[in-house]
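**Q** Chains as they are written, first to last, in the numbering used here: chain A, 21 to 376; chain B, 156 to 451. Even for Gly, the Cβ is constructed at its ideal location relative to N, Cα and C. From a predicted model like this one, the values you see are computed outputs, not experimental measurements. Below are the structure tokens for one structure; questions will follow.
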Amino acid sequence: MIKNKMKNPLVAKIAKVSKHPYATFIYFGLATVVLLLLQMFTPLIKYSFVGALAQTMCYAIVAVGFSYLLGYAGLSSLGTAGFVGLGSYITVYMLRTYSGMNYFVVMLIVLVVSIIIGLIVGFISLRIEGIFLAIVTLGLSEVFYQVFMNATEFTGGSNGTSFTGEVNIFPGISLGREGVFIMIAVFLTAMIIMTFNLVNSPTGRAMLAMKNSTSAAQAMGISLLKYRLLAFILATIYAAIAGSLLMTFNKYTDPKSWTIMFSLNILAACLLGGTRSIWGIFIGTFFVFGLTPMFLNDIVFLRNNPWLLSTIIGVVLILVLMFYKGGLMQLLHDIKKFVNNKISKRREFKYGKDEI
Amino acid sequence: MDLGLFLQTIVNSFQGIAMYSLATFGIVLIFRTSATTNFAQGAIATFGCYVATQFGVINGMNLWVSLVLGMLTAFALGVIIDNFIIRRGKDVNAAGKQMITMGLLLVFTNIIPVIFSMITITTPATKNFATGSFNFTLLGQDIYWPYQSMICVLLAVVLLGAVFAALKFTKWGLGVRATASNETVAKMMGVNTKVITALSWAIAGALATVAACSMQTVLNPAMMGKAQTYGFLACVLGGLSSFIAPIIGAIIIPVVINFAAIYTSAWAELIMFCIVLLLILIRPNGLFGKKFIKKV
């Protein structure tokens, strides 16, 4: 049997493909789509669960983009909310004003704008560093917030703005709720694969060197200008595209979503999971954004006392930061090590030392 | 712009200046001693303000007594947070400490409405120390200065004056200055840095409570958010290398907002942000800051 399997070229190919580093990311994307199908055709999964999942996936894109800054380039930014909001507002404005516009054209515009903004912030980061940079980007995010609040003819002011109608991706093909969900899953998968490639390439290593010591990195011939700009441009692109996707799914946005609280939550999601691990960031994002709307809202007691949950998230955040610098990923790693240790001890006890 | 409007605008800015300087001073004190930015500052202040409101408005106590009670609560909270949370972290870096305070912010914002369930959005704040205004003539122009604002300014001047005097002339102040310049060396010289930082957190909380109580908005758990953002900006604008420079930043911000509001009230804050960010870009170490020297 086994021999036959080995000979079968198709099975061998599948076995090879499934060991590819990208495979787990693609499985993840497919798993989310399976959840969507389960919701559509079976009563196993609720309508609201899929909505929460889509939003969490958008936030995960933002957080992965943010990890370029925090985990690799070692730059702190609190401007995330402004960039995500910008992506949302550009999308809603374009889709509403030019109805029936191809969504990919809108996304291209978002991309161009986010590259420009990223360039500007990148240049700022060359002059200002550390905590000061965080506060300046916070100020920048406030500038965006003021624009969202006061440019009422574009943004609808404090009541927010929405659009009805479908999202055209090709002439004749428009996406409803499910289609947008699949698009988000595709984008998430593509972007984490891109991140995986980039951080394991010379670019990622150069950023890491820059994080550890700017002077040493410069001495090794790494251009601060190039990599800081690159890190900020990437983070801004991820944020703006996530904002745009979020808009197409929610079809509504308001300025209150894009305050400093959102930036801090993204920062918390990154730190909670572990800043340099994609899965860690997923866990962190799920914990901060996804846990409550996906699962815990079904528990009546928690639904009536929403403060309890946010407080618990705050306490867990404090505890993880105090005792696990590497985030929940490190915690999982430690638990695994602990269990393995116990198992080997047990074996030693059972079979004696020489048998192992 | 005529002279009367000019003078009146400056007088109108006094309350904002008093409030933001109190909030800013707490931020810079914590930054200098613990090397972190405290995001929970506003939340601690809000807690103190709620305590003051609970005693002063709901239980009908004297406003001044309740204000002192609120300050004491924030003082105690500061000591507890520094002792049991910030100091206990296992080799936490500056960004980590910053995030711990963000966790505290989450906890406080959610717990406040539960603990003080009697205080709702309609509860009058402890803001009314006095009513009416002081009318006077300056350079031939009629100016009015509300007593409320006058009391806030007095409070800020007295409290900040006391803290600055303490920084200059007491042993604690010397310890703070030593810790600010280098914590390890200060420890080696026999400064009890634990007491120094705990007191810094406590004093920052108490001062910010006064700022929260003098704020003219409705009570809600996120009421200090804006003051805190302005405080951070004021710190960077003034420069964090001395204790007095951020206060100058805190004076500039409300004045700029009030002058911009004469022309356009909706965009006043945006104009302020743009001006301040440009100033910071031109002088990254702050208007009065010294360059931080980095060692390789």
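1. Let me check one thing: in DSSP terms, what residues is Tyr272/A bridge-paired to?
2. At which residues does the beta strand (DSSP E) containing Val346/B begin and terminate?
3. Less than 8 Å between the beta carbons of Phe252/A and Val141/A, yes or no?
4. Mapping the DSSP letters down to three states, classify Ser243/A as helix, strand or coil.
5. At a threshold of 7 Å, does Gly241/A count as lining the ligand SAM (C-beta to nearest heavy atom)?
6. Closest Cβ-Cβ distance between Trp219/B and chain A: below 8 Å?
7. Alpha carbon to alpha carbon, how far is Ala190/B from Gly120/A?
8. Taking C-alpha atoms, which residue in Tyr272/A, Ala289/A and Ser297/A lies nearest to Asn220/A?
9. In this structure, how does DSSP classify Trp219/B when only helix, strand and coil are distinguished?
10. Do you know how far the Cα of Asn122/A is from the Cα of Gly107/A?
11. Tell me whether the beta-carbon of Ile182/B lies closer than 8 Å to the beta-carbon of Cys390/B.
12. Leu374/B lies in the beta strand (DSSP E); which residues open and close that run?
13. What is the DSSP secondary structure of Phe291/B, reduced to helix, strand or coil?
14. Within 10 angstroms of its Cβ, does Lys362/A collect 16 or more other Cβ (buried), or is it exposed?
15. Determine whether the beta carbon atoms of Ala255/A and Leu139/A lie at a separation below 8 Å.
16. Asp259/B versus chain A: which residues are under 8 Å apart at the beta carbon?
17. Counting contacts by CB-CB distance shorter than 8 Å, is Ser87/A in contact with chain B?
18. Taking the C-alpha atoms as reference points, what is the distance between Cys204/B and Phe230/B?
19. Restricting to Cα atoms, I'd like to know which of Phe239/B, Phe428/B, Gly441/B and Phe387/B is closest to Ser176/B.
20. Nearest chain A C-beta to Thr192/B closer than 8 Å, yes or no?
21. Quick one: which chain B residues come within Cβ less than 8 Å of Thr331/A?
22. For Glu162/A and Thr279/A, I'd like the C-alpha separation in whole angstroms.
23. Quick check on Ala205/A: buried or exposed, where buried means 16 or more other Cβ atoms within 10 Å of its Cβ?
24. Secondary structure at Asn188/A, three-state DSSP: helix, strand or coil?
25. To the nearest angstrom, report how far apart Val453/B and Val200/A are at their CA atoms.
26. Between the C-alpha atoms of Ala288/A and Cys78/A, what's the straight-line distance to the nearest angstrom?
27. Ile355/A: buried (16+ other C-beta within 10 angstroms of its C-beta) or exposed?
28. Taking 8 Å as the CB-CB limit, is Arg243/B close to chain A?
29. Helix, strand or coil for Pro401/B per DSSP?
30. Please confirm whether Asn317/A has its beta-carbon closer than 8 Å to some beta-carbon of chain B.
31. Taking buried to mean at least 16 other C-beta atoms within 10 Å of its own C-beta, is Val70/A buried or exposed?
32. In the structure shown, what three-state DSSP assignment does Pro301/B receive?
33. Determine, using beta carbons only, whether Trp278/A comes closer than 8 Å to chain B.
34. Is the Cβ-Cβ distance between Ser264/A and Val126/A less than 8 Å?
35. What's the C-alpha gap between Ala101/A and Phe282/A?
36. With distances taken between CB atoms, is the gap from Ala333/B to Ala341/B smaller than 8 Å?
**A** Short version:
1. In the first sequence, counting from the first residue as 1, residue 272/A sits at position 252. Note: Tyr272/A sits in a beta bridge opposite Ser182/A.
2. Looking up residue 346/B in the second sequence gives position 191. Looking at the DSSP string, Val346/B is not in any beta strand (DSSP E), and its letter there is neither H nor E.
3. Counting from 1 along the first sequence, the entry for residue 252/A is found at position 232. Counting from 1 along the first sequence, the entry for residue 141/A is found at position 121. Yes.
4. Reading the first sequence from its first residue, position 223 is the one you call residue 243/A. Coil.
5. With respect to small molecules bound, the structure shown includes none, and the ligand SAM cannot be examined in it.
6. Indexing the second sequence from 1 puts residue 219/B at position 64. No, Trp219/B lies away from the interface with chain A (no Cβ there is under 8 Å from its Cβ).
7. Counting from one through the second sequence, the residue named residue 190/B turns up at place 35. Counting from one through the first sequence, the residue named residue 120/A turns up at place 100. Approximately 53 Å between the Cα atoms of the pair.
8. Working through the first sequence from its first residue, we reach residue 220/A at position 200. Checked all of Tyr272/A, Ala289/A and Ser297/A; the closest Cα to Asn220/A is Ser297/A.
9. Counting from 1 along the second sequence, the entry for residue 219/B is found at position 64. Three-state result, Trp219/B: helix.
10. By one-based count along the first sequence, residue 107/A stands at place 87. By one-based count along the first sequence, residue 122/A stands at place 102. If I take the Cα positions, the gap works out to 16 Å.
11. Working through the second sequence from its first residue, we reach residue 182/B at position 27. Working through the second sequence from its first residue, we reach residue 390/B at position 235. Against a cut-off of 8 Å, the Cβ pair of Cys390/B and Ile182/B comes out as a contact.
12. Your numbering for residue 374/B matches position 219 in the second sequence. It is not in any beta strand (DSSP E) - Leu374/B carries neither H nor E in the DSSP assignment.
13. Position 136 of the second sequence, counting from 1, holds the residue named residue 291/B. Residue state, collapsed to three classes: strand.
14. Position 342 of the first sequence, counted from the first residue, corresponds to residue 362/A. Classification for Lys362/A: exposed.
15. For the purposes of this step, residue 255/A is taken as the residue at position 235 of the first sequence. For the purposes of this step, residue 139/A is taken as the residue at position 119 of the first sequence. Result no, Cβ atoms of Ala255/A and Leu139/A do not sit closer than 8 Å.
16. Locating residue 259/B in the second sequence gives position 104, where the first residue counts as 1. With the sequence shown as reference, residue 259/B is identified as Leu, and Asp is not the correct amino acid for it. Under the 8 Å cutoff, chain A gives Gly334 and Ile338.
17. Here the question's residue 87/A lines up with position 67 in the first sequence. Chain B contact via Cβ: absent.
18. Against the second sequence, residue 204/B aligns to sequence position 49. Against the second sequence, residue 230/B aligns to sequence position 75. Going from the Cα of Cys204/B to the Cα of Phe230/B covers about 12 Å.
19. Translated into the one-based positions of the second sequence, residue 176/B becomes position 21. Comparing Cα-Cα distances from Ser176/B to each of Phe239/B, Phe428/B, Gly441/B and Phe387/B, the minimum goes to Phe387/B.
20. Position 37 of the second sequence, counted from the start, is the residue given in the question as residue 192/B. It does: the Cβ of Thr192/B has a partner Cβ on chain A nearer than 8 Å.
21. Numbered from its first residue, the first sequence carries residue 331/A at position 311. Correct list: Leu261, Val262, Asn265 and Ile266.
22. Position 142 of the first sequence, counted from the start, is the residue given in the question as residue 162/A. Position 259 of the first sequence, counted from the start, is the residue given in the question as residue 279/A. Cα to Cα, the separation comes out at about 8 Å.
23. For the purposes of this step, residue 205/A is identified with residue 185 of the first sequence, where counting begins at 1. It is buried - the Cβ of Ala205/A has at least 16 other Cβ atoms within 10 Å.
24. For the purposes of this step, residue 188/A is identified with residue 168 of the first sequence, where counting begins at 1. Residue state, collapsed to three classes: strand.
25. Limits of chain B in this structure are 156 at one end and 451 at the other, which puts residue 453/B out of reach.
26. Counted from its first residue, the first sequence places residue 288/A at position 268. Counted from its first residue, the first sequence places residue 78/A at position 58. If I take the Cα positions, the gap works out to 16 Å.
27. For the purposes of this step, residue 355/A is identified with residue 335 of the first sequence, where counting begins at 1. That one is exposed.
28. For this step, residue 243/B is matched to residue 88 along the second sequence. Interface residue, yes.
29. Numbered from its first residue, the second sequence carries residue 401/B at position 246. Residue state, collapsed to three classes: helix.
30. By one-based count along the first sequence, residue 317/A stands at place 297. For Asn317/A, the answer is no, since every Cβ of chain B falls outside 8 Å of its Cβ.
31. Position 50 of the first sequence, counted from the first residue, corresponds to residue 70/A. The residue in question, Val70/A, is buried, as its Cβ has 16 or more Cβ neighbours within 10 Å.
32. In the second sequence, the residue the question calls residue 301/B occupies position 146. Correct three-state label for Pro301/B: strand.
33. For the purposes of this step, residue 278/A is taken as the residue at position 258 of the first sequence. So, not an interface residue.
34. Along the first sequence, read from residue 1 onward, the residue named residue 264/A stands at position 244. Along the first sequence, read from residue 1 onward, the residue named residue 126/A stands at position 106. Contact: yes.
35. As a position in the first sequence, residue 101/A is number 81, starting the count at 1. As a position in the first sequence, residue 282/A is number 262, starting the count at 1. Between Ala101/A and Phe282/A, the C-alpha separation is close to 6 Å.
36. Taking the first residue of the second sequence as position 1, residue 333/B is located at position 178. Taking the first residue of the second sequence as position 1, residue 341/B is located at position 186. A contact, by the Cβ cut-off of 8 Å.
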